[in-house]
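Visitor:
Protein chains in written order, with my numbering: chain U, 29 to 483; chain A, 29 to 483.
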């Protein structure tokens, strides 16, 4: 791209806006037009914050908007809100919006985000069934909560036990609802090993949530008014005043696919490490709509997370503006909480390690988050997955009380760097009684692995 | 060491007892006698917990004892408490105790610990002046606090602004005292750079502590009863009902030195990475009494910390018992808190990087511990020191609210692994609103460095 050129961005959230902002940072308006098409009214909003807004922990919808369209405009980015891209003509280099307007581009960045999983069951479209994807979803759930019956404890069914499911269960309980979490899987948090998932399940039950496992929802039941009033599984029915979907997120790549862009095995847009389409070099993509690669296995994966979307957007924006950049892949690091329980994971769990063909071992230790004698010391379980022959760390999981969750970042950094358990055990992690026992739980876990390997 | 042999250990705290326990784990009583000489009555106690016991956060003295002499005895370790080693005859392989008993050894492990710094000023030995080193010190301070005047707010002077100084200031304030911290240095926390130390100083003042900087104490003043009643500096006097010493800790190597063992430039016992004396191969040493090496510079350093003592003891115990092991060095990672402020550091600060001859840069970012909109988001400042040409991380510092401190472990792991700022910026750290903004503060700092390096 030389001379004055135009970058068109489809999607004004994390991936799209970070690409737009990065391209603008490197090239000024004389050399690059940056035009963003956003179907909604918001840009750069935190979908991850929606549960906490519903729970009343976040005061205002506007708190979840990191940067408004007007703020982007001030930085020299043209933003068309309420503008839904309906078709891409890759040969003509043109995007057509739902209202018929067309936008010509030299370079296109697709950031259409994720698509919440919706199983094909009757009743899922009934009023009273809510996703947790866009700010409008949050607004609708907040309104529904204000309309709940007050003469009895209202009930919620949360379908799914991933991050959104757990977070929604927590906040709906905090809002006074009797919450049932209904899972098709045997345990919540499918990206944890079963022994760690069991700890999460026990923690959820201890905080008063009802957890139904191994029960796929077959139908959302509706009342005489047509609104959802419960769900039916093979085991029975569960009443609900509201039903919330937390079944995970796939890539929203329909627009790209219809245009003829290459789509990967995960269903995400097939891009290289510069976020450039492998089939159409004038097209880039970033965020929840793309397929990326796993740092350990090298295999294609789809991971929907704002952090990756931001980084990928920056990479795409840099490359589009002429500065080299690469996205370094993902470990699938994730963190969440449900009530007092903090949960983190990174890299490969045992089922992933097995599928990837690693000869591995796994070890779990139980420790405390602070010196045992210091007030507020909470239980923490740390699991490490390591390559059997080399001792190289492949992944880790933590479940525990306050302060446990962020321990996952130490493991993520060690996995990222390719450390062995022995090297991590020898490393210099911090110690003082308010922060950890003499050996931090992560170091204890690494030491246990390292000792076991030595035989 | 073949056949039945005897290991004598001088010092029954972290370094000594972990060596004893590890040697016992590997070799049974038929092949190895393990005899520990401890001058006090306690073994394996947490000196780091003493401030919190004084502060009433830890209920009982016994809570600070990880393992009693009796528990060690049950594991096949002979412990002689109240037995002060007074001389070592390296030729005769014999230790003589203060009471005249002698102990012959095949292998000797010296774990005499640290010696609190005591400047040569008048009045320092007066009653009412307290160290914070052994459990008896804690007991004495607790007793003194119970005897304080109740008709006015009692006053404490804490001499020194290192970890112990800060922790003691916090707990004495919590016990209702008006606390002045008197420093010879311009700022507290000398192992932080000045800009980060200023944050600590401001935080201390914000919590109501009086901080006198650049004021070396010239004399401890005593009242008519001979008890300490204040301190005098060049700027004036500061009244005190009790005076607490927190001036840091050197190696306690006098016994080793008198015996003729090699002592390093730091004053610690000169050992190799197997914790074996470089001058006397039948002698090992571990813990606060030894000189160790810095992981980044390779230079000899002395760092007094229970974590290192434990690890070094394990290494020594393994090697003594015939199993290879090496101590991998230290980064000088440390963490502490004062009131609501958490403080961590690892690797080289700028003055250390300069002294070590690195061409380096340093960058500071300010962020929050949680998503800005999530309740309890606290300020955090992260500073990174990196090698200019390579971008390799040399060290880091964090100061901030709840959840800030343990972030230092991510930096410590990255420094340990030899990552560049760019690699850390690309790594997969966890994100969810209750735990961090979309980019964790550490990742933001790494990105700022990485961007600046790129020019």
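A virtual CB, placed ideally from N, CA and C, is assigned to each residue, including glycine.
Answer yes if the stretch 284 to 300 of chain U comes into contact with the stretch 104 to 120 of chain U, meaning at least three C-beta pairs across the two stretches below 8 Å, and no otherwise.
Guide: Contact between the stretch 104 to 120 of chain U and the stretch 284 to 300 of chain U is present, because at least three Cβ pairs lie under 8 Å.
Visitor: Just checking my contact of residue 397/U with residue 458/U at CB under 8 Å: how many whole Å lie between their CB atoms?
Guide: The sequence position of residue 397/U within the first chain is 369, counting from 1. The sequence position of residue 458/U within the first chain is 430, counting from 1. In fact, because the Cβ distance is near 13 Å, the residues do not count as touching under 8 Å.
Visitor: Are the beta-carbon atoms of residue 247/A and residue 259/A separated by less than 8 Å?
Guide: On the second chain, residue 247/A is found 219 positions in, with the first residue counted as 1. On the second chain, residue 259/A is found 231 positions in, with the first residue counted as 1. Cβ distance < 8 Å, so residue 247/A and residue 259/A count as in contact.
Visitor: If we ignore side chains and look at the alpha-carbon of each, how far apart do residue 294/A and residue 194/A end up?
Guide: Translated into positions along the second chain, residue 294/A becomes position 266. Translated into positions along the second chain, residue 194/A becomes position 166. Near 24 Å, if we compare the C-alpha coordinates of residue 194/A and residue 294/A.
Visitor: Let me know the alpha helix (DSSP H) ranges lying completely inside the stretch 374 to 414 of chain A, each 4 residues or longer, listed in chain order.
Guide: The stretch 374 to 414 of chain A contains these whole alpha helix (DSSP H) runs: 378 to 383.
Visitor: Could you check the C-alpha separation between residue 165/A and residue 41/U for me, to the nearest Å?
Guide: By 1-based counting over the second chain, the position of residue 165/A is 137. By 1-based counting over the first chain, the position of residue 41/U is 13. Cα to Cα, the separation comes out at about 59 Å.
Visitor: What ranges does the alpha helix (DSSP H) occupy inside the stretch 220 to 254 of chain A, keeping only unbroken runs of at least 4 residues that lie completely in it?
Guide: Listed in chain order, they are 222 to 234.
Visitor: Any beta carbon from chain U within less than 8 Å of residue 29/A's own beta carbon?
Guide: Here residue 29/A is taken as the residue at index 1 of the second chain, counted from 1. Because the pLDDT of residue 29/A is 46, which lies under 50, any placement of that residue in the model is unreliable, and the question is left without a value.
Visitor: Kindly indicate which three-state DSSP category residue 144/A falls into: helix, strand or coil?
Guide: Mapped onto the second chain, residue 144/A falls at position 116. Three-state result, residue 144/A: strand.
Visitor: Counting only beta-carbon separations shorter than 8 Å, does residue 363/U have a partner in chain A?
Guide: Within the first chain, the letter at position 335 stands for residue 363/U. By this cut-off, residue 363/U is an interface position.
Visitor: Just to confirm the assignment, what range does the beta strand (DSSP E) spanning residue 422/U have?
Guide: What you label residue 422/U is simply residue 394 of the first chain in a count that begins at 1. Start and end: 421 to 428.
Visitor: Taking only beta-carbon atoms, is residue 391/A less than 8 Å away from chain U?
Guide: Taking the second chain and counting its residues from 1, one reaches residue 391/A at position 363. Residue 391/A does not count as touching chain U.
Visitor: Where residue 427/A and residue 86/A are concerned, what is the direct C-alpha to C-alpha distance, given to the nearest angstrom?
Guide: Stepping through the second chain from its first residue, residue 427/A is reached at position 399. Stepping through the second chain from its first residue, residue 86/A is reached at position 58. Taking the straight line from one Cα to the other gives about 25 Å.
Visitor: On the CB-based measure, 16 or more other CB atoms within 10 Å of its CB, does residue 84/U come out buried or exposed?
Guide: Stepping through the first chain from its first residue, residue 84/U is reached at position 56. Exposed, because fewer than 16 other Cβ atoms sit within 10 Å of the Cβ of residue 84/U.
Visitor: Quick one: give me the first and last residue of the beta strand (DSSP E) that residue 97/A is part of.
Guide: Taking the first residue of the second chain as position 1, residue 97/A is located at position 69. Segment 97 to 102 is the alpha helix (DSSP H) holding residue 97/A; no beta strand (DSSP E) there.
Visitor: Report, in whole angstroms, the separation of the C-beta atoms of residue 373/U and residue 220/U, which I expect to be a contact under 8 Å.
Guide: On the first chain, residue 373/U is found 345 positions in, with the first residue counted as 1. On the first chain, residue 220/U is found 192 positions in, with the first residue counted as 1. Correct: roughly 6 Å between the Cβ atoms.
Visitor: Taking the CB atoms as reference points, tell me whether residue 315/A and residue 49/A lie closer together than 8 Å.
Guide: Start at 1 with the first residue of the second chain, and residue 315/A comes out as number 287. Start at 1 with the first residue of the second chain, and residue 49/A comes out as number 21. Against a cut-off of 8 Å, the Cβ pair of residue 49/A and residue 315/A comes out as no contact.
Visitor: Tell me residue 340/A's beta-bridge partners as DSSP assigns them.
Guide: Locating residue 340/A in the second chain gives position 312, where the first residue counts as 1. According to DSSP, which records beta bridges pairwise, residue 340/A is partnered with nothing at all.
Visitor: For the stretch 57 to 124 of chain A, list the alpha helix (DSSP H) runs that are entirely contained and at least 4 residues long, ordered along the chain.
Guide: Counting whole runs of 4 or more residues, the stretch 57 to 124 of chain A contains the alpha helix (DSSP H) stretches 78 to 82, 97 to 102.
Visitor: Just mark residue 198/U as buried or exposed, buried being the case when its beta carbon has 16 or more other beta carbons within 10 Å.
Guide: The residue you call residue 198/U lines up with position 170 of the first chain. Buried, by the Cβ-count rule.
Visitor: With 7 Å as the C-beta to C-beta threshold (strictly closer), list the residues of the stretch 447 to 463 of chain U near chain A in chain order.
Guide: Answer in chain order: 447, 454, 455, 456, 457, 458, 459, 460, 461, 462, 463.
Visitor: Going by C-alpha distance, which of 441/A, 406/A, 332/A, 245/A is nearest residue 280/A?
Guide: On the second chain, residue 280/A is found 252 positions in, with the first residue counted as 1. When only C-alpha atoms are compared, the closest one is 332/A.
Visitor: Taking DSSP's pairing of strands, which residues face residue 278/U in a bridge?
Guide: As a first step, residue 278/U is located in the first chain; it is residue number 250 there, counting from the start. For residue 278/U, which the question treats as bridged, DSSP gives the partners 143/U.
Visitor: With C-beta atoms as the reference, is residue 484/U less than 8 Å away from residue 47/U?
Guide: Any answer about residue 484/U is impossible in this case: the structure gives chain U only from 29 up to 483.
Visitor: Which residue's Cα is closest to the Cα of residue 416/A: 481/A, 470/A, 441/A?
Guide: The sequence position of residue 416/A within the second chain is 388, counting from 1. If we check each option's Cα against that of residue 416/A, 481/A comes out closest.
Visitor: Please list, in chain order, all residues of the same chain as residue 468/A whose beta carbon is under 6 Å from its beta carbon, the five residues on each side excluded.
Guide: Start at 1 with the first residue of the second chain, and residue 468/A comes out as number 440. Within the same chain, residue 468/A has close Cβ partners 457.
Visitor: Which same chain residues, not among the five before or five after residue 106/A, have their C-beta less than 6 Å away from its C-beta?
Guide: Within the second chain, numbered from 1, the residue matching residue 106/A stands at position 78. If we look at residue 106/A and ignore the five residues flanking it on each side, its Cβ neighbours are 63.
Visitor: Alpha carbon to alpha carbon, what distance is there between residue 79/U and residue 432/U?
Guide: For the purposes of this step, residue 432/U is taken as the residue at position 404 of the first chain. For the purposes of this step, residue 79/U is taken as the residue at position 51 of the first chain. Whole-angstrom Cα-Cα distance: 21 Å.
Visitor: Whole angstroms is fine: what's the gap from residue 145/A's alpha carbon to residue 275/A's?
Guide: Along the second chain, one-based indexing puts residue 145/A at 117. Along the second chain, one-based indexing puts residue 275/A at 247. Spanning the two alpha carbons is a distance of roughly 6 Å.
Visitor: Within the same chain, show all residues whose beta-carbon is closer than 6 Å to that of residue 104/U, passing over the 5 residues directly before and after it, in chain order.
Guide: Residue numbering aside, residue 104/U sits at position 76 when the first chain is read from its first letter. Around residue 104/U: 52, 57.
Visitor: Can you list the residues of chain A that residue 358/U reaches, using a CB-CB cut of under 8 Å?
Guide: Residue mapping note: residue 358/U aligns to position 330 of the first chain, counting from 1. Under the 8 Å cutoff, chain A gives 456.
Visitor: Please classify residue 437/U as buried or exposed, where buried requires at least 16 neighbouring CB atoms within 10 angstroms.
Guide: Within the first chain, numbered from 1, the residue matching residue 437/U stands at position 409. Counting Cβ neighbours within 10 Å, residue 437/U comes out buried, since at least 16 surround it.
Visitor: Please list the terminal residues of the continuous alpha helix (DSSP H) segment that includes residue 52/A.
Guide: To locate residue 52/A, count along the second chain from 1; it is residue 24. Residue 52/A -> alpha helix (DSSP H) spans 42 to 54.
Visitor: Residue 126/U: which of 111/U, 69/U, 366/U, 252/U sits nearest, CA to CA?
Guide: Taking the first chain and counting its residues from 1, the one referred to as residue 126/U is at position 98. Looking at the Cα atoms, 111/U is the closest of the given residues.
Visitor: Mind checking residue 66/A: buried by the 16 CB within 10 Å criterion, or exposed?
Guide: Counting from one through the second chain, the residue named residue 66/A turns up at place 38. Buried is the call here.
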